[in-house]
Ligand SMILES: [Fe+2]
């Protein structure tokens, strides 16, 4: 009987030992994120900053035409991109990930039509959704439940990337619908801002 209990204990010990390798524990002491997850988070940080710069460019495009409401709309959208960047930068720090800021590509769109920025915004947001979903997939694959919980969270302070992204994509599609409808831009810009504000209340 005593021998049996000893055997069970030994089996349990070896089962625990075999599941988590020493090298993994040593790596997790330095940073809680895998190299791949750090890479994707840094890619996202860069992407959010790039979106910020794109939306600021659109704000300039509309502002210089005297469409002050659309200028403000894109300024606010840019602020949100900066916030998403902050969430990621803070999360990387929290996880002890060491990184340097990547180069942000210049904005090189030809803006020759008022509808183009709205089309580009929808495309950008779809791309952003796909990039965020790749991080969710990886977190699940790696059983990195801390990152998974952070991605799926609903906290304006620490982050709510997935939930926020659903909202961003939806408002971008609504804004494009309004932009493509008939009517003067002075009327349409007010409708776009109303849709945006109601979404954010
Ligand atoms: Fe974003």
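Residue numbers (the working numbering): 2 to 202.
Glycine residues also receive a C-beta, built at the ideal position from the N, C-alpha and C atoms.
Nothing here was measured: the structure is a model prediction, and the numbers come from that model.
CB-CB under 6 Å to residue i, same chain, minus the five flanking residues each way: which ones, in chain order?
i           : result
residue 64  : 72
residue 179 : 189, 192 and 193
Any heavy atom of ligand 1 closer than 7 Å to the CB of residue i?
i           : result
residue 169 : yes
residue 82  : yes
residue 190 : no
residue 129 : yes
residue 49  : yes
residue 52  : yes
How is residue i classed by DSSP in three states: helix, strand or coil?
i           : result
residue 64  : helix
residue 156 : strand
residue 34  : coil
residue 81  : helix
residue 144 : coil
residue 113 : coil
residue 70  : helix
residue 97  : coil
Looking only at its chain, what residues have a beta carbon closer than 7 Å to the beta carbon of residue i, apart from the 5 residues adjacent to it on each side?
i           : result
residue 31  : 97
residue 163 : 133, 137, 152 and 153
residue 89  : 42, 45, 46 and 49
residue 175 : 196
residue 187 : none
Using the rule of at least 16 other Cβ atoms within 10 Å of the residue's Cβ for burial, across every protein chain shown, is residue i buried or exposed?
i           : result
residue 139 : buried
residue 190 : buried
residue 66  : exposed
residue 118 : buried
By Cβ distance below 8 Å, which residues in the same chain neighbour residue i in space, the five residues on each side in sequence not counted?
i           : result
residue 127 : 170
residue 61  : 72
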